[in-house]
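Below is one structure, written out as structure tokens, with a few remarks after it.
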Amino acid sequence: MNVLFAQVGGSAIDTFLTKLIDGLALGAIYALMALGFVIIFKSTQVLSFAHGAISALGAYLVAYFITVLNWPGRYLESLPVTLSFIISAMVGIAAAAVMGMLIERVFIRPMIGEPLFSIAMITIGLDIILRTILGDYLGQGAQADVGSPWGLLSTSNISGVIVPHSYVATIVAAIAVVIVLVLFFRTRTGVAMRATAFDQEAAMAQGISAGRIFALAWGIGAALAAVGGIFASVSPRGFGVSPGTPFFALRAFPAIIIGGLDSIPGAVVGGFAVGIAEVMAGHYLAPFADQLGAGFSQIVPYVIMLGFLLFRPYGLFGTEEIRRV
Amino acid sequence: MRGRPNLYVSYEEEQRILPTMTQRVSMTFLVLVALSVPFKVIPGIKFLGDPSWLQILGLTFIFLIGALGLNILTGLAGQVSLGHAFFMGVGAYTAAVLGGEATNAVYGFGLPIWVTLPAAGLVAAGIGILVAPTAVRVRGLYLAIVTLGLVFIGQHIFRSWNSVAGVPELGRDWGEFQFALWSSDGPALALQSDGDWFGIAMLGEGKAYLFLLVLAIGFTLLAKNLARTRIGRSFAAVRDRDIAAEVMGVNEVKAKTQAFAISSFYAGVAGALYGYFLGSVQLETWNLFFSVTFVAIILIGGAGTTAGVVMGTVFVETLPRIVENTTDFLEVQVEEGGWLAPIADFIIRTEGADFGLLSTVENGPGLSVSQMNGLLFGLLIAVFLIFEPLGLYGIWLRIRNYWKGWPFTY
Numbered sequence: 007m008n009v010l011f012a013q014v015g016g017s018a019i020d021t022f023l024t025k026l027i028d029g030l031a032l033g034a035i036y037a038l039m040a041l042g043f044v045i046i047f048k049s050t051q052v053l054s055f056a057h058g059a060i061s062a063l064g065a066y067l068v069a070y071f072i073t074v075l076n077w078p079g080r081y082l083e084s085l086p087v088t089l090s091f092i093i094s095a096m097v098g099i100a101a102a103a104v105m106g107m108l109i110e111r112v113f114i115r116p117m118i119g120e121p122l123f124s125i126a127m128i129t130i131g132l133d134i135i136l137r138t139i140l141g142d143y144l145g146q147g148a149q150a151d152v153g154s155p156w157g158l159l160s161t162s163n164i165s166g167v168i169v170p171h172s173y174v175a176t177i178v179a180a181i182a183v184v185i186v187l188v189l190f191f192r193t194r195t196g197v198a199m200r201a202t203a204f205d206q207e208a209a210m211a212q213g214i215s216a217g218r219i220f221a222l223a224w225g226i227g228a229a230l231a232a233v234g235g236i237f238a239s240v241s242p243r244g245f246g247v248s249p250g251t252p253f254f255a256l257r258a259f260p261a262i263i264i265g266g267l268d269s270i271p272g273a274v275v276g277g278f279a280v281g282i283a284e285v286m287a288g289h290y291l292a293p294f295a296d297q298l299g300a301g302f303s304q305i306v307p308y309v310i311m312l313g314f315l316l317f318r319p320y321g322l323f324g325t326e327e328i329r330r331v
Numbered sequence: 030m031r032g033r034p035n036l037y038v039s040y041e042e043e044q045r046i047l048p049t050m051t052q053r054v055s056m057t058f059l060v061l062v063a064l065s066v067p068f069k070v071i072p073g074i075k076f077l078g079d080p081s082w083l084q085i086l087g088l089t090f091i092f093l094i095g096a097l098g099l100n101i102l103t104g105l106a107g108q109v110s111l112g113h114a115f116f117m118g119v120g121a122y123t124a125a126v127l128g129g130e131a132t133n134a135v136y137g138f139g140l141p142i143w144v145t146l147p148a149a150g151l152v153a154a155g156i157g158i159l160v161a162p163t164a165v166r167v168r169g170l171y172l173a174i175v176t177l178g179l180v181f182i183g184q185h186i187f188r189s190w191n192s193v194a195g196v197p198e199l200g201r202d203w204g205e206f207q208f209a210l211w212s213s214d215g216p217a218l219a220l221q222s223d224g225d226w227f228g229i230a231m232l233g234e235g236k237a238y239l240f241l242l243v244l245a246i247g248f249t250l251l252a253k254n255l256a257r258t259r260i261g262r263s264f265a266a267v268r269d270r271d272i273a274a275e276v277m278g279v280n281e282v283k284a285k286t287q288a289f290a291i292s293s294f295y296a297g298v299a300g301a302l303y304g305y306f307l308g309s310v311q312l313e314t315w316n317l318f319f320s321v322t323f324v325a326i327i328l329i330g331g332a333g334t335t336a337g338v339v340m341g342t343v344f345v346e347t348l349p350r351i352v353e354n355t356t357d358f359l360e361v362q363v364e365e366g367g368w369l370a371p372i373a374d375f376i377i378r379t380e381g382a383d384f385g386l387l388s389t390v391e392n393g394p395g396l397s398v399s400q401m402n403g404l405l406f407g408l409l410i411a412v413f414l415i416f417e418p419l420g421l422y423g424i425w426l427r428i429r430n431y432w433k434g435w436p437f438t439y
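Note that the protein sequences, when read in sequence, are chains A and B.
Counting with this note's numbering, you get residues 7 to 331 for the letters of the first sequence.
Counting with this note's numbering, you get residues 30 to 439 for the letters of the second sequence.
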């Protein structure tokens with residue numbers, strides 16, 4: 007995928023800026039995934055391993071609406087591709103949110119108070135189930151096209167810096183999501199959510215329904231996963247939804263470890279940092295590809311994460327766990 | 030002390046692996062039954078002596094060894110790990126390098142299995158000790174993510190290090206699954222070719238089955254015994270409350286490092302056996318899903334209990350075959366219009382326009398048998414954790430206590 011933009015002419019600084027935009031776009035996807043993880047974790051103490059499957063299913067729904075059903079283009083013939091994509095994306099994201107809430111209500115709610123790893127294992131089980139269903143719809147080795155709302159490979163060349171349009175859209179969308187979230191956490195519901203994350207009992211004593219907050223957190227988390235999954239499937243990052251799409255969420259794990267498992271600013275910073283590091287390593291260490299092995303850039307986040315854990319086990323912004331006897 | 034099974038008059042007596050006569054007798058019986066499987070002598074389970082079933086049971090024993098290792102780490106020492114596949118891969122490729130034949134593309138020393146198996150375990154344990162300093166610093170879900178990272182890094186190394194793991198897609202071979210005194214000697218025990226053992230004609234699968242059964246029993250006893258030792262008790266103390274354990278004089282870092290080392294040793298041996306047993310293994314085998322299988326085994330069986338691990342392994346490893354057989358049975362019912370046909374027709378899809386959850390024809394809606402297995406596997410993990418956190422062992426305890434207390438319910 008990134009090979010398409012490997013042939014960067016021009017000066018070193020142009021190459022660097024081109025790669026920076028690539029890294030920011032990848033980082034935006036990681037940040038979206040990481041935000042979903044963190045919101046779910048902060049509210050319910052659940053680390054959702056089903057995140058990848060939810061993101062891929064959300065993206066698959068978009069692909070289904072656009073390419074299979076040709077909806078909404080079927081009704082509005084003159085609708086621009088981008089608008090049609092955005093409408094489908096909204097529906098796909100909403101569907102993912104509903105799925106997240108369902109998962110919370112059916113599988114996670116009965117497990118409140120159980121060991122955290124047991125709940126995490128349930129989400130792994132759900133991940134397997136959802137991926138199996140997705141695999142059944144996708145078929146063997148097939149990909150579902152989500153359409154090319156910003157053109158298949160359309161780029162702008164701004165004085166030597168190559169800027170793919172879909173990367174810009176990814177970065178803009180991630181920033182918009184962060185702004186919306188910041189505003190949301192100032193609303194009444196947002197404050198209730200923060201209060202519940204801080205102390206469930208105290209929040210319930212103030213009349214906040216903790217169960218509703220849990221459902222909401224899973225809804226938001228799943229919606230963010232779907233947004234990330236959609237942008238991970240749009241060309242040139244990915245060519246449609248494939249069985250590999252869920253792995254974007256797994257590669258966002260280093261982002262939340264680096265940022266701190268329970269820190270929302272940490273998720274954003276960690277996501278962008280990991281994305282940039284992955285792209286930069288992929289480009290600047292390419293001469294050593296023989297020693298490092300093909301595709302080594304994909305494990306760069308994990309290597310950084312392991313190194314990070316030695317020095318700051320609870321991440322940049324995470325709260326250090328206080329242990330009492 | 031007949032009739033008073035819960036009366037112990039000494040510490041040794043209470044700490045026995047099989048405290049009561051009933052348990053000793055039933056366990057001996059179970060082992061004898063297991064030993065008799067390849068000879069097809071016991072009516073009712075003769076079908077288990079077929080090559081295809083022996084293959085599945087052999088794999089079950091290999092998975093049992095791996096799962097016992099994870100149980101020591103997760104069940105006994107309380108350190109959750111998603112990195113078991115990585116350690117199995119390390120063991121597998123150690124055995125492959127030491128035991129396989131050298132070619133232009135890959136290393137190989139052609140050493141016999143009694144060298145390579147312990148070496149595989151030791152190298153994996155060494156890597157476990159190397160990883161431990163990072164792993165000891167973090168706990169709970171952080172540890173799960175760290176070990177998840179190990180799997181991805183490990184997969185990348187296996188994929189890239191072609192002189193050890195072979196070319197991707199092709200993989201490499203592990204050498205003959207046989208017991209020879211030295212590489213130049215002929216096999217003392219050939220484990221994969223048909224032949225006579227002490228005058229009894231045996232299938233190759235049967236020989237491998239017996240070899241793996243003996244190994245599995247040995248490793249089970251070792252694991253069971255470990256829990257009774259000083260080391261095992263220090264693991265349990267760390268699991269139950271690490272700070273309290275430290276206050277009582279247990280060295281937490283040492284205990285966790287030991288747990289990682291022992292668990293990785295088991296994983297390494299299991300990985301090496303897996304390679305030998307299957308002859309060649311795809312590079313993508315050692316992935317997250319492989320790790321999850323082991324975690325699922327110990328959770329479905331019952332974390333922390335050796336008996337539970339055995340039950341969980343048998344259950345998880347034989348389930349795909351059972352699903353397959355059931356599907357075949359239902360398909361025959363539909364085609365021949367047996368008495369189950371109306372229900373079976375509803376469940377499976379045999380032709381294009383038919384409705385059904387399971388599809389026996391390619392393409393189109395409906396899950397294939399392997400997808401059905403994946404679905405069931407995921408469902409089982411979720412259902413067991415929600416409804417029976419103690420796993421199969423918990424179910425067994427309830428059944429046992431029901432009969433123990435009968436006619437009373439307490």
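Heads up, the beta-carbon is just placed ideally off N, CA and C, and yes, glycines get one too.
Is residue j closer than 8 angstroms to residue i when the C-beta atoms are compared?
i      : j      : result
F294/B : G150/B : yes
G300/B : V119/B : yes
G304/B : A124/B : yes
I94/B  : A245/B : yes
F181/B : I305/A : yes
G195/B : R188/B : no
V274/A : V184/A : yes
G98/A  : V68/A  : yes
I326/B : A96/B  : yes
T251/A : S49/A  : no
A284/B : S263/B : yes
L179/B : F115/B : yes
D133/A : Q400/B : no
F289/B : V160/B : yes
F240/B : L220/B : yes
State the CB to CB distance for the pair residue i and residue j, rounded to an integer number of angstroms; the pair is presumed to be in contact (CB under 8 angstroms).
i      : j      : result
I214/A : A201/A : 6 angstroms
G281/A : A126/A : In fact, because the Cβ distance is near 24 angstroms, the residues do not count as touching under 8 angstroms.
I128/A : L414/B : 5 angstroms
A231/A : A255/A : 6 angstroms
S269/A : G321/A : 7 angstroms
G247/B : G341/B : Their Cβ separation, rounded to whole angstroms, is 19 angstroms, which puts G247/B and G341/B out of contact at 8 angstroms.
E327/A : L32/A  : 30 angstroms between Cβ atoms; not a contact.
So which residues on chain A does residue i lean against when the C-beta distance must stay under 8 angstroms?
i      : result
S189/B : L298, G299, A300, F302
A173/B : L53, F123, A126
T163/B : L312, L315, L316
P371/B : The premise fails here: P371/B is roughly 25 angstroms from chain A at the closest Cβ pair, so nothing lies under 8 angstroms.
P418/B : E120, S124
Taking Cβ-Cβ distances shorter than 7 angstroms, what residues in chain A pair up with residue i?
i      : result
L404/B : I135, T138
V109/B : F123
I182/B : I305, Y308, V309
I424/B : By Cβ distance, chain A contributes nothing, its closest Cβ being about 17 angstroms from I424/B, past 7 angstroms.
L396/B : D142
Under 8 angstroms between beta-carbons, which chain B residues line up against residue i? List them in chain order, please.
i      : result
M117/A : L414, I415
E110/A : The contacting residues do not exist; E110/A stays about 13 angstroms from chain B at best.
F113/A : A411, I415
E83/A  : Near E83/A there are no residues of chain B at all, since even the closest Cβ is about 30 angstroms away, more than 8 angstroms.
Tell me which residues share the same chain as residue i and place their Cβ nearer than 6 angstroms to its Cβ, disregarding the 5 neighbours each side in the sequence.
i      : result
A12/A  : Any answer about A12/A is weak, because its pLDDT of 47 lies below 50 and its placement is not dependable; what the coordinates show is given next. There are no such residues.
E43/B  : Y37
D271/B : E281
Name the chain B residues that come within less than 9 angstroms of residue i, Cβ to Cβ?
i      : result
P252/A : Chain B residues near P252/A: none, gap ~10 angstroms exceeds 9 angstroms.
E326/A : Those do not exist, as E326/A stays about 12 angstroms from chain B at its closest Cβ, beyond 9 angstroms.
Which residues in the same chain as residue i place their Cβ atom closer than 7 angstroms to its Cβ, once the five residues preceding and following it in sequence are excluded?
i      : result
R268/B : L105, A106, G107
Indicate, with yes or no, if the ligand SAH has a heavy atom lying under 7 angstroms from the CB of residue i.
i      : result
I182/B : In terms of ligand content, the structure shown is empty, and the ligand SAH therefore cannot be addressed.
What residues in the stretch 111-135 of chain B bring their beta carbon closer than 9 angstroms to a beta carbon of chain A? For the stretch 111-135 of chain B, the beta-carbon criterion of a distance under 9 angstroms to any beta-carbon of chain A is satisfied by L111.
Contacting positions in the stretch 259-291 of chain A - beta carbon closer than 9 angstroms to chain B: So the list reads F259, P260, I262, I263, L267, given in the order they occur along the chain.
Just by C-beta distance, which residues in the stretch 230-242 of chain A are closer than 9 angstroms to chain B?
Of all residues in the stretch 230-242 of chain A, none places a beta-carbon less than 9 angstroms from a beta-carbon of chain B.
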